[in-house]
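Working notes, beginning with the structure itself.
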Amino acid sequence: MHFSVNCVRMKRIYPFSDNVAICKGCLAVYHRHCFDHASKRCTRCARRRARRKAIMMKTEEEGE
Numbered sequence: 001m002h003f004s005v006n007c008v009r010m011k012r013i014y015p016f017s018d019n020v021a022i023c024k025g026c027l028a029v030y031h032r033h034c035f036d037h038a039s040k041r042c043t044r045c046a047r048r049r050a051r052r053k054a055i056m057m058k059t060e061e062e063g064e
C-alpha cells in the first residue's frame, strides 16, 4: 500500500493500480495526474539528492 506523496487526498494506491506512475529511480508510486502535475519529478528522489548533497558538504567542511 502506498500514498501518493504529491496528493492532498491521501488516497491509497498500489503499484498495480490503473493510472499510477512509478519513479524509475526509487520506485515511489504516484497517481499519474499528481506525478504529471509535479512536472514528472519525483519528490522522494529530490529529497534524497538534497540530503546526500548536504552530507557531502558537511563532510568536506569537517575535513578542512
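Mapping to the UniProt record's numbering: the sequence shown position 36 is 36, numbers consecutive. Beta carbons are placed, not taken as given, at the ideal position from N, Cα and C, and that holds for glycine. From a predicted model like this one, the values you see are computed outputs, not experimental measurements.
- By the 16-neighbour rule on beta-carbons within 10 angstroms, residue 35 is buried.
- Non-local C-beta neighbours of residue 21 in its own chain, meaning closer than 7 Å and more than five positions away in sequence, comprise 30, 32, 35, ordered along the chain.
- Residue 13 sits buried, since 16 or more C-beta atoms from the chains shown fall within 10 Å of its C-beta.
- Within the UniProt domain "Rubicon Homology" (6 to 49), the alpha helix (DSSP H) runs of at least 4 residues that lie entirely inside it are, in chain order, 32 to 37.
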